[in-house]
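**Q**
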Amino acid sequence: MNAQEQAAYETALERRIQGYVYEMNCRALLPMAEQLLWDKGYRQLEKGQEQPGLHTEWRDDDEGQRRIRYVVYAHDAGGQRCALQFVRHEKGGVQALERRDVFQELELIEFVDEEEARRLRDRALQEAEDRDDTKQERRSE
59 MNAQEQAAYE TALERRIQGY VYEMNCRALL PMAEQLLWDK GYRQLEKGQE
109 QPGLHTEWRD DDEGQRRIRY VVYAHDAGGQ RCALQFVRHE KGGVQALERR
159 DVFQELELIE FVDEEEARRL RDRALQEAED RDDTKQERRS E
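What follows is the structure, encoded as structure tokens:
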């Protein structure tokens, strides 16, 4: 896969992950997200008071250049369903960054349902290949 195909794949995968809804309620899902972060060395996980979710303490990255923490937002999607977002916060020097971490979300999907994670990857790959085929057809016209 070349760089352009890889970028198309990652974009398609991110889009699929961002729209993913778990077939379980948030109370059942959050302990799994907590375990995933605990396994990565994040301690002092605090649960949200007003809205379901949790956040970690700040910790140094591997190089000691930045401080990182995660905030996990859980949204009741009706019935026994939950939409969940991992937001990564980074501080380093005077720079601060906040971004949704869809690859952390993919790890949780894998933790909950490996087969569903594989399907998401396969669909994203197919979408990226279809886009590439469409671009090639336009060039040949």
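Numbering (our numbering), first residue to last: 59 to 199.
The C-beta atom is built at its ideal place from N, Cα and C for all residues, glycine as well.
Taking 6 Å as the limit between beta carbons, can you name the residues of its chain near Arg127, skipping five residues before and five after?
**A** Here residue 127 refers to the residue found at position 69 when the sequence shown is read from its first residue. Only Thr114, Trp116, His147 meet the Cβ criterion.
**Q** If we require 4 or more residues per run, which alpha helix (DSSP H) segments fall completely within the stretch 141-184?
**A** 160-170
**Q** Please list, in chain order, all residues of the same chain as Asp134 whose beta carbon is under 7 Å from its beta carbon, the five residues on each side excluded.
**A** Here residue 134 corresponds to residue number 76 of the sequence shown, with the count starting at 1. Cβ neighbours of Asp134 beyond the five flanking positions: Cys84, Cys140.
**Q** In the DSSP assignment, find the alpha helix (DSSP H) that holds Asp97 and state where it starts and stops.
**A** Taking the sequence shown and counting its residues from 1, one reaches residue 97 at position 39. 84-97 is the span of the alpha helix (DSSP H), which, as asked, contains Asp97.
**Q** If you measure between the beta carbons of Ala70 and Ala186, is that distance less than 8 Å?
**A** Stepping through the sequence shown from its first residue, residue 70 is reached at position 12. Stepping through the sequence shown from its first residue, residue 186 is reached at position 128. Yes. Within cutoff.
**Q** Taking Cβ positions, are Glu165 and Leu142 nearer each other than 8 Å?
**A** Along the sequence shown, one-based indexing puts residue 165 at 107. Along the sequence shown, one-based indexing puts residue 142 at 84. No; because the gap between Cβ atoms is not below 8 Å, this pair is not in contact.
**Q** Take the Cβ of Gly111 as the centre, count every other Cβ of all protein chains shown within 10 Å, and call the residue buried at 16 or more, exposed below.
**A** Here residue 111 is taken as the residue at index 53 of the sequence shown, counted from 1. It is buried - the Cβ of Gly111 has at least 16 other Cβ atoms within 10 Å.
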